[in-house]
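In the numbering used here, the protein residues as written are 708 to 1106.
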């Protein structure tokens, strides 16, 4: 097999000692493109994600999505021998990913200050709720907590109701994306520019805050706080989630005069109304223009609405359920859903590797490993242990 068929990151070794989502998924994103990711897990129990979410045959399906393409090594990092062995693995690694609360690794002699002495070329991605410094650094932080502090929850929902959580763990997943990006930037600095290793300090709340568009700038310069506005967006008129006559919802966004002209071809009653003669005026009359569009969409079934809006070249979508996703021809044509053969669970469908590269495609997805499936292999090859030594460690509960 040619190297390009193994993925563009073949040859990169990553040690993943994180738990749950944000840190480990950053490692998964690297593994998807061929990096050799060694997942370190607690003996006997493994990563917490193995025990969360819908399960089949005792296997967490969430774990089987995000544990893909990794090797599993059990190692008790609370134990001095486990700490020593991790340092042996770090000697052979390009990257270490962790998402412990700041200070925990220092107690185990595994902090950045310790590990950079073991491997000066190491890139260490440290993910936490609030960052490695600051008055909140030692607080526990999770996805929804970050969405709250980062400003997203306060702007999500309707003004007369409590803020509403997002339907997926977007703080965790977006942090993972920035983590993978930061890792590649640090490796470029090390390898292409003659630099050394370094620590990456990445927090969940700052990731959320980074994606709040113009929120802080508009407040600081204009005194405009971002409030909950339901499905209304300040740059779209008309724009809402509109119900069809068969009880489904269509998202329609019209953000300029050219697109509005196309909508007028479908809804002639909009033509000639001075309230709607410019984008600025439509924003000021958002309730009125949305009401006219809502009445039109409410009179039609989904297929007819979609046909007309597509013919007019407008930006719209049916709000998809997972049933819609798995049946959709566009998802199928692009292979957006991958099928992975699991030795116990059979064929598992999951999101395919993203993004796509024309010259360096990702390798075939490997199923998530059983707990400790690669312990002997990795400790033998990277730590130089014999079968007898590994057996003794297993007997002692270290692996």
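Think of the CB as a built atom: it goes at the ideal place given N, C-alpha and C, for glycine as much as any other residue.
From the DSSP output, in three-state form, read off residue i for me.
{"i": "residue 1061", "result": "coil"}
{"i": "residue 1038", "result": "helix"}
{"i": "residue 1045", "result": "strand"}
{"i": "residue 1104", "result": "coil"}
{"i": "residue 831", "result": "strand"}
{"i": "residue 711", "result": "With a pLDDT of 44 at residue 711, under the threshold of 50, the predicted position of this residue should be treated as unreliable, and no value is reported."}
{"i": "residue 825", "result": "helix"}
{"i": "residue 967", "result": "helix"}
{"i": "residue 988", "result": "helix"}
{"i": "residue 789", "result": "helix"}
{"i": "residue 943", "result": "coil"}
{"i": "residue 916", "result": "helix"}
{"i": "residue 799", "result": "coil"}
{"i": "residue 934", "result": "coil"}
{"i": "residue 1096", "result": "helix"}
{"i": "residue 1031", "result": "helix"}
{"i": "residue 845", "result": "coil"}
{"i": "residue 752", "result": "coil"}
{"i": "residue 757", "result": "helix"}
{"i": "residue 873", "result": "coil"}
{"i": "residue 860", "result": "helix"}
{"i": "residue 982", "result": "helix"}
Per DSSP, which one or two residues make a beta bridge with residue i?
{"i": "residue 1023", "result": "959"}
{"i": "residue 907", "result": "832"}
{"i": "residue 973", "result": "Paired residues: none, contrary to the question."}
{"i": "residue 804", "result": "723 and 832"}
{"i": "residue 1054", "result": "1048"}
{"i": "residue 948", "result": "958"}
{"i": "residue 763", "result": "766"}
Quick one: give me the first and last residue of the alpha helix (DSSP H) that residue i is part of.
{"i": "residue 886", "result": "877-899"}
{"i": "residue 813", "result": "811-814"}
{"i": "residue 773", "result": "768-773"}
{"i": "residue 1082", "result": "1082-1089"}
{"i": "residue 1011", "result": "1009-1018"}
{"i": "residue 1077", "result": "Looking at the DSSP string, residue 1077 is not in any alpha helix (DSSP H), and its letter there is neither H nor E."}
{"i": "residue 853", "result": "850-856"}
{"i": "residue 929", "result": "922-929"}
Rounding to the nearest angstrom, what Cα-Cα distance links residue i and residue j in this structure?
{"i": "residue 713", "j": "residue 996", "result": "53 Å"}
{"i": "residue 708", "j": "residue 763", "result": "In this predicted model, residue 708 has a pLDDT of only 31, less than 50, meaning its place in the structure is not dependable; the value taken from the coordinates is given anyway. For residue 708 and residue 763, the distance between alpha carbons rounds to 34 Å."}
{"i": "residue 1065", "j": "residue 715", "result": "11 Å"}
{"i": "residue 1063", "j": "residue 1072", "result": "14 Å"}
{"i": "residue 1091", "j": "residue 810", "result": "30 Å"}
{"i": "residue 722", "j": "residue 803", "result": "5 Å"}
{"i": "residue 770", "j": "residue 756", "result": "5 Å"}
{"i": "residue 855", "j": "residue 912", "result": "8 Å"}
{"i": "residue 1094", "j": "residue 825", "result": "25 Å"}
{"i": "residue 1045", "j": "residue 909", "result": "29 Å"}
{"i": "residue 891", "j": "residue 752", "result": "31 Å"}
{"i": "residue 902", "j": "residue 760", "result": "42 Å"}
{"i": "residue 905", "j": "residue 999", "result": "57 Å"}
{"i": "residue 711", "j": "residue 1007", "result": "Here residue 711 scores only 44 on pLDDT, less than 50, and its place in the model is too uncertain to base an answer on."}
{"i": "residue 870", "j": "residue 858", "result": "11 Å"}
{"i": "residue 928", "j": "residue 921", "result": "11 Å"}
{"i": "residue 872", "j": "residue 879", "result": "13 Å"}
{"i": "residue 734", "j": "residue 1019", "result": "43 Å"}
{"i": "residue 1042", "j": "residue 1059", "result": "7 Å"}
{"i": "residue 1021", "j": "residue 819", "result": "51 Å"}
{"i": "residue 725", "j": "residue 853", "result": "18 Å"}
{"i": "residue 933", "j": "residue 895", "result": "37 Å"}
{"i": "residue 730", "j": "residue 746", "result": "11 Å"}
{"i": "residue 864", "j": "residue 875", "result": "15 Å"}
{"i": "residue 661", "j": "residue 801", "result": "Residue 661 is absent from the model: the chain starts at 708 and stops at 1106."}
{"i": "residue 765", "j": "residue 782", "result": "22 Å"}
{"i": "residue 1001", "j": "residue 867", "result": "21 Å"}
Specify, as a first and last residue, the run of the beta strand (DSSP E) that residue i falls within.
{"i": "residue 722", "result": "720-723"}
{"i": "residue 781", "result": "777-781"}
{"i": "residue 732", "result": "Looking at the DSSP string, residue 732 is not in any beta strand (DSSP E); the run it does join, the alpha helix (DSSP H), is 729-738."}
{"i": "residue 743", "result": "743-748"}
{"i": "residue 996", "result": "Residue 996 -> not in any beta strand (DSSP E); alpha helix (DSSP H) instead, spanning 993-1005."}
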